[in-house]
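Our numbering applies: residue 94 is where the sequence shown begins, and numbers increase by one.
Beta carbons: idealized from backbone N, C-alpha and C, even for Gly.
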Amino acid sequence: MKIYVGNLSYEVTEEDLRREFEDFGEVTSANIITDKYSGRPKGFAFIEMATKSEAEAAITGLNGKTLKERTMMVNEARPRTDNRSGGFRDGRRSGFGGGRQRRY
């Protein structure tokens, strides 16, 4: 089962997360999300655990816990949708500038 972990300190490593979650069961992957341009962490991660029961125990046990001076938000990850803003839609740019026109 995939778990979302938010409000992470930028100093948290994937190994730190593995150690926290392994207290509740087998961690199959730990992935801190980074900015594709700067490479810096975005402050959230996804953890995959071997079984649903282990994942649910981790969510219950770690949600609201402090790690490196930040209170983690831990819950079940929602499926990703391709509903992201930005880019072009119907020939217009969407997600940038709020539809305003610049006047010089």
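Could you pull out every unbroken alpha helix (DSSP H) segment of at least 4 residues lying fully inside the stretch 137-161, listed in chain order? 145-155
Does the Cβ-Cβ distance between Met166 and Asn100 come in under 8 Å? yes
Sheet register partners of Val98 (DSSP bridge): Ala138 and Val167
Can you list, in chain order, the residues of its chain whose CB lies under 6 Å from that of Ser122, leaving out five sequence neighbours each side? Glu141
Figure out for me which residue from Asp116, Val105 and Asp175 has the closest Cα to the Cα of Glu149. Asp116
Extent of the continuous alpha helix (DSSP H) run through Glu108: Glu107 to Glu115
Looking at Thr144: is its Cβ nearer than 8 Å to the Cβ of Lys135? no
Distance between Gly157 and Ser102 (C-alpha atoms, nearest Å): 14 Å
Mark Glu113 as exposed unless 16 or more other C-beta atoms lie within 10 angstroms of its C-beta, in which case mark it buried. buried
Can you tell me which of the three DSSP states Ser122 falls into? strand
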